[in-house]
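Peer 1:
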Amino acid sequence: MIYFQVLANGLILGGLYACIAVGFSLVWGVLNVINILHGTFVVLGAYVAWFAYAYFGIHPFVSVVIAGAILYVIGHAIQAGLINRVIAAPVLITLTLTFGLDLMLNNAMLVAFTADYRQVNLANPLPAIIIGPVFLPGDRVAAMVLAFLLTGLLWRTLRDSKIGRAIVAVRMDREAAALMGVPVARINAITFGIGALMAGAAGALLSIVYPISPINAPIFLGKAFIVCVIGGLGSVPGAMVGGIALGVVEAFGAFWFGPEHALTISFGLLLLLLFVRPGGILGKKGYE
Amino acid sequence: MKNWLILLAGTGVLALLPLLGDNYLMRLATMVAMYVILAQSWNFIGGLAGYPSFATAGFFGLGAYTSAVLQGMGVPLFASWGAGGLAAVIFSALVGGAILHLRGHYFAIASLVTVEVLREIVNTTPDITGGGMGLNLPIMRMTVAEHATFFFYSMLAVAFACMACAIVVHKSKLGFALRCIQQNEDAANILGVNAYLYKTIGFGFSAVFAGIAGAIYASWVHYIEPPDVFDVLISVKPLVMVLLGGLGTIFGPVIGAFILLTFEEFVWRTFLTVHAAALGVIIVALVLFLPNGVLSLTREKLGLRRRAAGEKR
Amino acid sequence: MTALLSLENVSRAFGGLRAVDGVSFGIEAGEILGLIGPNGAGKTTLINVITGVHPANSGRVIYDGRDITRLKPHQIAKLGLSRTFQIVQPFPKMTVLENVAAGALFAGQSPSMAEASREAMEQLRFTGLASVADKPALSLTLAQRKRLEFAKGLAMKPRILMLDEVNAGLNEAEIDDALAMIRKVAEKGVAIVLIEHLLKVVISVSNRIVVLHHGQLIAEGEPSAVLRDPAVVEAYLGAKYAARYGGAS
Chain G
87 MIYFQVLANG
97 LILGGLYACI
107 AVGFSLVWGV
117 LNVINILHGT
127 FVVLGAYVAW
137 FAYAYFGIHP
147 FVSVVIAGAI
157 LYVIGHAIQA
167 GLINRVIAAP
177 VLITLTLTFG
187 LDLMLNNAML
197 VAFTADYRQV
207 NLANPLPAII
217 IGPVFLPGDR
227 VAAMVLAFLL
237 TGLLWRTLRD
247 SKIGRAIVAV
257 RMDREAAALM
267 GVPVARINAI
277 TFGIGALMAG
287 AAGALLSIVY
297 PISPINAPIF
307 LGKAFIVCVI
317 GGLGSVPGAM
327 VGGIALGVVE
337 AFGAFWFGPE
347 HALTISFGLL
357 LLLLFVRPGG
367 ILGKKGYE
Chain V
31 MKNWLILLAG
41 TGVLALLPLL
51 GDNYLMRLAT
61 MVAMYVILAQ
71 SWNFIGGLAG
81 YPSFATAGFF
91 GLGAYTSAVL
101 QGMGVPLFAS
111 WGAGGLAAVI
121 FSALVGGAIL
131 HLRGHYFAIA
141 SLVTVEVLRE
151 IVNTTPDITG
161 GGMGLNLPIM
171 RMTVAEHATF
181 FFYSMLAVAF
191 ACMACAIVVH
201 KSKLGFALRC
211 IQQNEDAANI
221 LGVNAYLYKT
231 IGFGFSAVFA
241 GIAGAIYASW
251 VHYIEPPDVF
261 DVLISVKPLV
271 MVLLGGLGTI
281 FGPVIGAFIL
291 LTFEEFVWRT
301 FLTVHAAALG
311 VIIVALVLFL
321 PNGVLSLTRE
331 KLGLRRRAAG
341 EKR
Chain S
725 MTALLSLENV
735 SRAFGGLRAV
745 DGVSFGIEAG
755 EILGLIGPNG
765 AGKTTLINVI
775 TGVHPANSGR
785 VIYDGRDITR
795 LKPHQIAKLG
805 LSRTFQIVQP
815 FPKMTVLENV
825 AAGALFAGQS
835 PSMAEASREA
845 MEQLRFTGLA
855 SVADKPALSL
865 TLAQRKRLEF
875 AKGLAMKPRI
885 LMLDEVNAGL
895 NEAEIDDALA
905 MIRKVAEKGV
915 AIVLIEHLLK
925 VVISVSNRIV
935 VLHHGQLIAE
945 GEPSAVLRDP
955 AVVEAYLGAK
965 YAARYGGAS
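Residue numbers (my numbering), protein chains in the order written: chain G, 87 to 374; chain V, 31 to 343; chain S, 725 to 973.
1) Alpha carbons only, please: which of S:Pro947, S:Val935, S:Glu946 is nearest the one belonging to S:Glu958?
2) Name the DSSP bridge partner or partners of S:His937?
3) Pull up the DSSP beta-bridge partners for S:Thr819, would you.
4) Please confirm if V:Val304 has its CB atom under 8 Å from at least one CB of chain G.
5) Taking the beta carbon of G:Pro213 as the centre, do at least 16 other beta carbons fall within 10 Å, making it buried, or is it exposed?
6) Return the chain-ordered list of same chain residues with a C-beta closer than 8 Å to the C-beta of V:Val188, the five sequence neighbours on each side being excluded.
7) Rounded to the nearest angstrom, how far is the Cβ of V:Ala98 from that of V:Leu47, given a contact under 8 Å?
8) Can you list, in chain order, the stretches of the alpha helix (DSSP H) that have 4 or more residues and sit fully within the stretch 209-258 of chain V?
9) Taking 8 Å as the threshold (beta carbon to beta carbon), is G:Val227 in contact with chain V?
10) What does S:Met886 pair with, by DSSP beta-bridge criteria?
11) Is DSSP giving V:Gly6 helix, strand or coil here?
12) In chain order, what residues of the same chain have a beta carbon less than 6 Å from the beta carbon of V:Val125, not counting five sequence neighbours either side?
13) Is there a Cβ from chain V that is less than 8 Å from the Cβ of S:Gly827?
14) Tell whether a beta-carbon distance below 8 Å holds between G:Leu123 and G:Leu191.
15) Using CA coordinates, which residue listed in V:Ala109, V:Val119, V:Gly80 is at the minimum distance from V:Ser236?
16) Grab the span of the beta strand (DSSP E) containing S:Tyr787 for me, first residue to last.
17) With 7 Å as the limit, tell me which residues of the stretch 772-792 of chain S have their beta carbon closer than that to any beta carbon of chain V; keep them in chain order.
18) Check the Cβ of V:Asn53 against every Cβ in chain S and list those closer than 7 Å, keeping chain order.
19) How many angstroms separate the CA atom of S:Ala881 from the CA atom of V:Phe121?
20) Can you grab the Cα-Cα spacing for the pair V:Arg335 / V:Ala117, in whole Å?
21) Assuming G:Phe185 is part of the alpha helix (DSSP H), what are its boundary residues?
22) What are the start and end residues of the beta strand (DSSP E) that includes S:Leu757?
23) Going by DSSP in three states, S:Leu795 sits in which element: helix, strand or coil?
24) Could you give the DSSP three-state label for V:Phe260: helix, strand or coil?
25) Applying a beta-carbon distance threshold of less than 8 Å, which residues of chain G neighbour V:Glu150?
26) Can you give the beta carbon distance from V:Ile264 to V:Ala94, rounded, assuming they're within the 8 Å contact cut?
27) Find out if the Cβ-Cβ distance for the pair V:Ala138, V:Phe84 is shorter than 8 Å.
28) How would you call G:Tyr103, buried or exposed, if buried means at least 16 neighbouring beta carbons within 10 angstroms?
29) Output the boundary residues of the alpha helix (DSSP H) element that contains G:Phe221.
30) For the putative contact between S:Ala910 and S:Ile884, defined by C-beta atoms under 8 Å, what is the C-beta separation to the nearest angstrom?
31) For S:Val747, write down the residues that DSSP places opposite it in a beta bridge.
32) Return no unless some Cβ of chain G is closer than 8 Å to the Cβ of V:Gly134.
33) Find the residues of chain V that neighbour S:Met837, judging by a C-beta separation of less than 9 Å, and give them in chain order.
34) If you reduce the DSSP assignment to three classes, tell me which class S:Asn931 lands in.
35) State yes or no: is the C-beta of G:Phe234 within less than 8 Å of the C-beta of G:Gly344?
36) How far does the alpha helix (DSSP H) with S:Ile774 in it reach, from first residue to last?
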């Protein structure tokens with residue numbers, strides 16, 4: 087029966103992973119940019135939630151909106167001002183550019199906030215949910231539900247709104263979209279902004295689960311990447327499936343082999359998948 | 031011919047450096063030689079074939095640890111360095127077989143992950159490698175000046191070999207094949223280029239010298255630990271240097287190495303806490319304003335046509 | 725007479741779509757074979773099957789008495805099967821000469837870079853591109869790029885040359901030039917497979933024609949006879965048209 091508990095842990099983790107990854111996947115799929123900044127964006131979102139809680143007593147679930155808004159502005163500005171200038175360049179160039187930007191932003195955060203771990207300890211935590219032998223901390227469940235809601239909201243936005251359709255059009259064929267009157271440069275900026283927004287929102291949710299520090303940024307980036315490889319690129323359902331799959335695999339891996347091997351297990355899974363199915367388990371071809 | 035003359039002249043001038051007797055300058059020159067090796071190594075796979083490899087730190091660290099462990103077992107110095115290079119080549123063949131069918135971002139990240147895997151392996155085998163505690167190497171019985179001179183010449187010799195190799199490869203069938211692959215891999219296959227084979231060989235070239243450099247580095251500093259030799263920056267700096275000097279050129283990596291090290295020495299030392307951000311600034315400025323490297327500046331001044339037009343919109 | 729290349733019941737599917745479905749035919753040395761069919765008939769896929777880009781799911785490709793069904797594209801190229809692409813695929817930043825030399829060096833019989841350059845120059849002269857040899861490939865016009873593809877194919881010293889829409893987008897004078905070149909190559913004993921949209925062009929140059937429709941071979945034979953075949957008329961113009969005019973001619 088312990089397996090139900092492990093599975094539940096995995097699902098909670100997976101919901102958060104999906105939320106971390108979906109913005110990364112969107113940017114990769116639509117812009118063909120690997121956004122190395124993504125992990126730092128997540129951490130920045132977590133800091134917004136931490137400061138909002140520590141100084142103003144704002145609950146991190148409310149800060150999701152604040153963190154998302156702040157990160158959207160940053161993301162939009164970075165794409166419009168910098169990345170758009172080299173968006174047509176080869177993979178190496180855009181990858182290197184976001185890497186350079188990440189060094190700057192992450193270093194700035196390290197100087198401003200130090201490397202010390204911080205955590206949001208809620209004064210009034212939600213009660214735990216107990217179903218038979220399964221024990222679920224209320225706040226984590228709430229964070230997972232919010233993560234899925236946000237991801238679902240993004241999905242609806244892409245499907246139903248005018249901006250969303252324009253983003254999908256750019257993803258499918260940049261030149262055709264431009265010919266149809268889609269302002270591609272602006273859509274690029276909005277897409278990158280949304281990617282950052284999702285990272286910031288995920289960071290705010292994570293602030294009650296994970297310790298916060300700039301040095302954790304690469305971990306989140308790695309998770310986002312693995313989820314994308316599992317689920318396939320640029321699709322919201324892919325990121326959901328990938329996130330849940332990674333969460334469950336990590337939970338069981340930690341249970342069977344010990345938590346210190348969780349990282350090795352995810353990397354092993356990643357290498358295996360890259361070798362067998364570089365298109366993701368949903369089978370969608372990556373956009374090269 | 032011209033390339034050989036430049037290489038011989040440059041190496042010859044540098045080789046006179048110990049006459050000045052300045053150990054600080056010698057340390058810098060050793061670093062430059064090491065950077066040249068790493069940058070040129072990356073250029074084989076990243077510049078010529080266009081495969082954005084982040085595996086350099088893996089080759090470097092593997093070379094360092096192989097040589098350090100072997101020296102601990104009593105293997106002579108030079109043999110252990112050779113073994114470091116050999117280990118890197120074998121590793122590159124194994125990994126290359128698995129990840130060189132990936133393209134673009136997928137290859138970049140997969141190569142990055144191989145470094146993490148190596149680091150994890152070292153961390154989890156403390157009996158052999160010392161794990162996270164690091165590993166001490168035998169101290170050599172030399173004066174400070176002898177020590178500095180010995181490692182300077184060692185690194186310089188490997189840098190020379192690496193550069194010579196680059197000159198030969200650029201002119202060879204291998205170099206031509208790698209350039210074809212960089213331009214259009216599918217078309218290259220149809221023209222009879224065995225892309226997989228040539229990429230694997232190119233990857234091997236990018237491994238061997240980096241592995242030897244890692245081995246020499248380990249002996250030079252006496253002590254290695256996983257975060258030091260498997261540092262992601264060891265994978266990133268070569269790429270920055272090559273971009274600085276010019277992608278896929280023979281002497282671009284050398285120019286990039288000099289510029290980067292000069293910058294590191296004179297700027298970062300002054301602002302220690304933000305040295306990562308300073309590197310970030312260089313990278314961003316480089317990508318936005320000089321995507322074809324500093325050599326392209328002089329070429330434009332001379333009024334020659336830029337080969338790599340169309341990289342920027 | 726045994727065929728230089730023969731396809732035996734070759735099929736290739738993508739997911740549920742059978743792009744090439746049980747196709748068999750042969751090609752002989754020096755022959756010009758027209759491969760025609762409506763859009764989406766599987767012509768390019770068939771070339772991809774032969775050259776190993778998308779190997780056959782079933783059936784065999786026999787070349788010069790040897791089964792090449794499972795060989796890799798670069799191995800097949802070295803054996804003497806070369807092709808051009810419908811959408812031209814030059815190495816954009818290399819010179820025209822280097823583009824052609826690559827074919828000579830890696831698939832042809834040129835042992836050295838210098839030898840490959842000489843061979844490449846010869847093909848450039850043959851295709852009329854000698855004057856632009858040192859220009860980067862991306863500076864060429866469409867007609868020149870089509871000829872560059874042709875020169876690359878020739879530099880590989882092929883025994884079979886597959887030309888995928890080399891005439892598309894060219895004007896009449898350019899097409900005439902291209903056809904003259906194709907005939908000259910065939911006279912040297914090279915088998916030519918010509919994928920072509922313009923029926924007029926195919927009829928004028930081909931010795932024999934193979935018609936694909938929905939991945940299946942629906943007709944094969946001497947050009948004028950094939951074009952009178954009711955199945956071919958139906959495939960191109962629809963059943964109604966075939967019923968009215970098909971039997972009349």
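Even glycine gets a Cβ: it sits at the ideal position worked out from N, Cα and C.
Peer 2: Taking the geometry as given:
1) S:Val935
2) S:Gln940
3) S:Pro860
4) yes
5) exposed
6) Ala63, Ile67, Phe239, Ile242, Ala243, Ile246
7) Actually they are not in contact, since the Cβ atoms of V:Ala98 and V:Leu47 sit about 27 Å apart, beyond 8 Å.
8) 215-220, 225-251
9) no
10) S:Arg807, S:Val917
11) Lying outside 31 to 343, the shown extent of chain V, residue 6 of chain V is not represented and no answer is given.
12) Thr144
13) yes
14) yes
15) V:Val119
16) 782-787
17) Thr775
18) Simply none; closest approach about 45 Å.
19) Note that residue 881 of chain S corresponds to Lys in the displayed sequence, not to Ala. One C-alpha to the other measures close to 38 Å.
20) Residue placement at V:Arg335 is flagged as unreliable, the pLDDT there being 41, under the threshold of 50; the coordinate-derived value follows with that caveat. The alpha-carbon atoms of V:Arg335 and V:Ala117 are separated by roughly 42 Å.
21) 177-199
22) 756-760
23) coil
24) coil
25) Leu349, Thr350, Phe353
26) The pair is not a contact, with the Cβ atoms about 10 Å apart (cut-off 8 Å).
27) yes
28) buried
29) Here G:Phe221 belongs to no alpha helix (DSSP H); instead the beta strand (DSSP E) covers 220-222.
30) The Cβ separation is near 11 Å, so there is no contact.
31) S:Val734
32) yes
33) Lys201, Ser202, Lys203, Phe206
34) coil
35) no
36) 767-774
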